[in-house]
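Data first, discussion second: the structure below is written as structure tokens.
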Amino acid sequence: MATSFTTTPLSPTFGAEISGVDLSADLDDATRAGILAAWRQHLVLIFRGQTLTPDDLLDLARGFGTLDLAPPFDNQQSSLPGYPEIAVVSNVEEKGAPIGGLGAGELAWHSDMTYRAAPPVGCALFAKEIPSEGGNTHFLNMNACLDALPPDLRAAIADRHLIHDSRYTSAGTERVAGDRFATVDHPLIITDPLSQKPILLLGRRRQSAVVGFDEMQGRELLSALWEPADQNRFVVTHSWKPGDVVLWANIAVMHRRDAFSSAERRVLLRAQVASLNQQSFTA
Ligand SMILES: [Fe+2]
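Going by my numbering, the sequence shown opens with residue 1, and the numbers climb by one from there.
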């Protein structure tokens, strides 16, 4: 029998807190389908008070689709030892070496790994250790950003593509391995595989360029397209507690992080859902 859970919306347009589900348990098909339906509708789902092992986190992500390998960050140790699909997001150093990536600084608006031909459709992030303040994550609804564009601007980008480049992480640091110089172009408007809604795919600002535009023209267009992000419109903010699990639609929302004190510990584990079961990344 399906677990009945409660869905509490976090804003008028997206984001919801789900209560009444233990994500470490084996979810039955009906419960998993219910969570997926809520994820498709609300794009960002927050679950409080969870206790997950790394295998639990992978089982959760695997329940929705195929897994992606963790991306390289700005140091060699970006995945959890023994778990190549789990990225460690942390500022902690042990024995003089970082245990994860992305440090303690601010992270700029981005979607993860859009420099891939098929970026992950969703991400699952589990909070193990959280500082006393700072480090909030903000989510931006890219369907709302698209709908907010003036009609002439939306028409002007209908057939335009944007170049996505992996050289820099969202912390502004250079990647050291793997995808370091991966580059791909995607249409600026795509159908999000999770929500099946049209969205504006911006990826990240640094190194992006509009195909067919010179630098000046491209910068002007990108400034107009980034306006809702720069103004923090259509945003839901998550203030983390240990035990939180957040599922977010990686393509349909962008995310960014506030800085926090480097004197405090912050440790999160992230898994990436490459594609939903029986679904692909389509323009
Ligand atoms: Fe990210």
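Glycine residues also receive a C-beta, built at the ideal position from the N, C-alpha and C atoms.
Using DSSP's beta-bridge definition, name the partner residues of residue 83.
Note: residue 83 sits in a beta bridge opposite 80.
I'd like the list of long-range same chain contacts for residue 21, defined as Cβ closer than 8 Å, with 5 residues on each side in sequence excluded.
For residue 21, the CB contacts under 8 Å within the same chain, skipping 5 residues up- and downstream, are 3, 5, 27, 31, 35, 47 in chain order.
Taking residue 37 as the reference, give the member of 194, 83, 266 with the closest Cα.
Here the closest residue by C-alpha is 194.
Distance between residue 267 and residue 233 (C-alpha atoms, nearest Å)
Here the alpha carbon of residue 233 sits roughly 28 Å from the alpha carbon of residue 267.
Could you check the C-alpha separation between residue 227 and residue 127 for me, to the nearest Å?
Roughly 31 Å separates the two Cα atoms.
So, with DSSP's three-state summary, where would you put residue 141?
In the three-state scheme derived from DSSP, where H, G and I count as helix and E and B as strand, residue 141 is classed as strand.
Less than 7 Å between C-beta atoms, sequence neighbours within five positions excluded: which residues of the same chain meet that for residue 10?
For residue 10, same chain residues with a beta-carbon under 7 Å away, outside a window of 5 residues either side, are 16, 17, 236 in chain order.
Return the CA-CA distance between residue 119 and residue 257, expressed in angstroms with no decimal places.
Here the C-alpha atom of residue 119 lies approximately 20 Å from the C-alpha atom of residue 257.
For residue 196, the three-state DSSP class (helix, strand or coil)
Note: residue 196 maps to coil in three-state DSSP.
How would you write the range of the beta strand (DSSP E) that residue 268 sits in, first residue to last?
Taken as a continuous stretch (DSSP letters only), the beta strand (DSSP E) holding residue 268 covers 267-276.
Here's the rule I'm using: 16 or more other beta-carbon atoms within 10 Å means buried, otherwise exposed. How should residue 204 be labelled?
With 16 or more other Cβ atoms within 10 Å, it is buried.
Helix, strand or coil: how does DSSP classify residue 65 here?
Three-state result, residue 65: strand.
Exposed or buried, residue 282, counting other C-beta atoms within 10 Å across all chains shown (16 or more means buried)?
The pLDDT assigned to residue 282 is 42, lower than 50, so where the model puts this residue is not dependable, and the model offers no usable value.
Based on Cα-Cα distance, which residue from 253, 276, 265, 263 lies nearest to residue 112?
Looking from the CA of residue 112, the closest CA among 253, 276, 265, 263 belongs to 253.
Between the C-alpha atoms of residue 86 and residue 52, what's the straight-line distance to the nearest angstrom?
Cα-Cα distance, rounded: 13 Å.
Please state whether the Cβ-Cβ distance between residue 162 and residue 209 is less than 9 Å.
Contact flag set, yes.
So if DSSP puts residue 120 in a beta bridge, which residue, or which two residues, is it bridged to?
DSSP, once it has assigned bridges, lists no residue as partnering residue 120.
Residue 117 versus residue 54: straight-line alpha-carbon distance, rounded
Approximately 27 Å between the Cα atoms of the pair.
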